[in-house]
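Heads up: the sequence shown is residues 122 to 285, going by the working numbering. Backbone N, C-alpha and C define an ideal beta-carbon position, used for all residues, glycine too. Data block below; observations after.
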Amino acid sequence: MTSYQTLTGSFAVVALFGCSNAPATAPPPTSDSLRLVPIVTSGLSSPVYLTAPPGDTARLFVVEQAGQIRVVQHGQLLATPFLDISNGVASGGEEGLLSVAFHPSYATNRYFYVDYTHTNIAGDTLYTLIERYTTTSADSNIADTVSHKLILRIVQPYSNHNGG
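Structure, rendered in structure tokens:
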């Protein structure tokens, strides 16, 4: 049998089984069965990312582009930011504090990582920085800003497309 005949036969088998009357999956939910509920309706400035630590069902962490991470606990936006690094963040356009990620063992080691754009002191070089922080031992809703450790620094030649 030629490879053309084998290929044609293979397509016929795939087409035959692909034309089954049985639905492959359940139909998607209708818009009537979905309901979006606002988490926070005020108090945030340019939120760009939302996440929660592994296993934490009481809190959400909202990243604000200008350099703060805010905590929403039991549906309430806390007044004190979790982290404020706005003095080191180059913010605007596609730049800023862009993400936070929690270590898989965050509950025990308190490590979390941030991704942001930063300009050097001379103001002529833009970087993407990945830094690790921990929370304070006294309050898991407050980051220890002194704990920061640089993990990665990448020179960004342009002010756009710095999100990863």
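Whole-angstrom C-beta distance between residue j and residue i, which should lie under 8 Å
i, j, result
"residue 251", "residue 279", "Contact flag wrong, Cβ pair sits at about 19 Å."
"residue 199", "residue 262", "6 Å"
"residue 260", "residue 249", "Not confirmed; about 29 Å, so no contact."
Cα-Cα separation between residue i and residue j, rounded to whole angstroms
i, j, result
"residue 180", "residue 240", "31 Å"
"residue 193", "residue 242", "33 Å"
"residue 217", "residue 275", "14 Å"
"residue 210", "residue 147", "46 Å"
"residue 222", "residue 163", "24 Å"
"residue 253", "residue 219", "14 Å"
"residue 191", "residue 178", "16 Å"
"residue 258", "residue 230", "10 Å"
"residue 154", "residue 161", "22 Å"
"residue 149", "residue 203", "37 Å"
"residue 272", "residue 225", "17 Å"
"residue 151", "residue 170", "27 Å"
"residue 201", "residue 270", "22 Å"
"residue 247", "residue 215", "12 Å"
"residue 107", "residue 156", "Lying before the first or after the last residue shown, residue 107 is absent from the chain, which here runs from 122 to 285."
"residue 238", "residue 212", "7 Å"
"residue 277", "residue 165", "28 Å"
"residue 124", "residue 172", "Because the pLDDT at residue 124 is just 47, under 50, the model does not fix this residue reliably, and the point stays unresolved."
"residue 196", "residue 282", "33 Å"
Residue i and residue j closer than 7 Å at C-beta
i, j, result
"residue 255", "residue 245", "no"
"residue 205", "residue 189", "yes"
"residue 168", "residue 183", "yes"
"residue 174", "residue 232", "no"
message: For a minimum of 3 consecutive residues, which ranges assigned as the beta strand (DSSP E) are wholly contained in the segment 207 to 252?
response: Counting whole runs of 3 or more residues, the segment 207 to 252 contains the beta strand (DSSP E) stretches 218 to 223 and 232 to 240.
message: Could you tell me which whole beta strand (DSSP E) segments of length 3 or greater appear in the segment 143 to 190?
response: With a minimum length of 3 residues, the continuous beta strand (DSSP E) runs that stay inside the segment 143 to 190 are 168 to 172 and 180 to 185.
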